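Read in order, the letters of the sequence shown correspond to residues 2 to 203 in our numbering. In what follows, a structure is listed as structure tokens, so that the remarks can point back to it.
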Amino acid sequence: MVSVGSADRYLPDSVQQAVKILVVGAFGVGKTTLVGSVSEIEPLRTEEVMTKASVGVDDLAGMDTKTTTTVAMDFGRVTLNSRLVLYLFGTPGQRRFWDLWEGLAEGALGVLVIVDTRRLADSFDVLEQLELRGLPFAVAINRFPDSEAYSADELRRALDLLPETPVVECDARESTPSVDALIALVEYVSGLDPARIPQAAS
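This is how it looks when you write it as structure tokens:
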């Protein structure tokens, strides 16, 4: 799936629709990693090295090896089929960057929410922001090596999700399960308004 050759910079003539997808989540859940793992073009990243200024502001519990943070957005592209391409916009997770969401959310078809079950409570504010904006979303549980396993029903209850909200598992480092999470989102949005997506998951 992932390729950064020069031929991949251009879309095939068969593409009929390009849609914008937000990839959101709390700080350090794997948004940049997921965009990078699925993008067929060289992803745009706006990561900066974390400095002492973030001490006491960004919670690094369980993220001892994290040294950078997104300060504007991540950007990538993935073609789901011959007719449909997704443009992915990854947002910063920290609350102080949430004003950026207003611009990034404009024109978005839907949102993929990345969740780390080791820090489940960190996702509550993110989900609240999406509900305030009225954007349809799916939840992707990013499995870390030391994550506890929970059923989809347990996670749905813990996150107070509607019964129809998709909850899927993925490993943000791996292209195939990450693309599957995006397909689950597109299928969900297509079900809400079929006219918006031409044969999205075929």
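Cβ coordinates follow ideal geometry from the N, Cα and C atoms, glycine included. The model shown is predicted, which means the values in this text are computed figures rather than measured ones.
Express the C-alpha separation of T92 and D194 in angstroms, rounding to a whole number.
25 Å
Range covered by the beta strand (DSSP E) that runs through T92:
Neither: T92 is in no beta strand (DSSP E) and is coded neither H nor E.
According to DSSP, which residues form a beta bridge with F138?
V112
Who are the Cβ neighbours of S124 in its own chain at under 6 Å, not counting the five residues just before and after it?
A27, V116
Where do the ends of the beta strand (DSSP E) carrying R78 lie?
75–80
Cβ shell of V16 (< 8 Å), same chain only, five flanking positions each side left out:
T80, S83, R84, L85, V86
Top-ranked residue by Cα proximity to E165, from P13, A139, V39:
A139
Quick one: grab the DSSP three-state call for D194.
coil
Assumed close pair A141, A182 - CB separation to whole angstroms, cut-off 8 Å
4 Å
Pairwise C-alpha distance: L110 and V20:
6 Å
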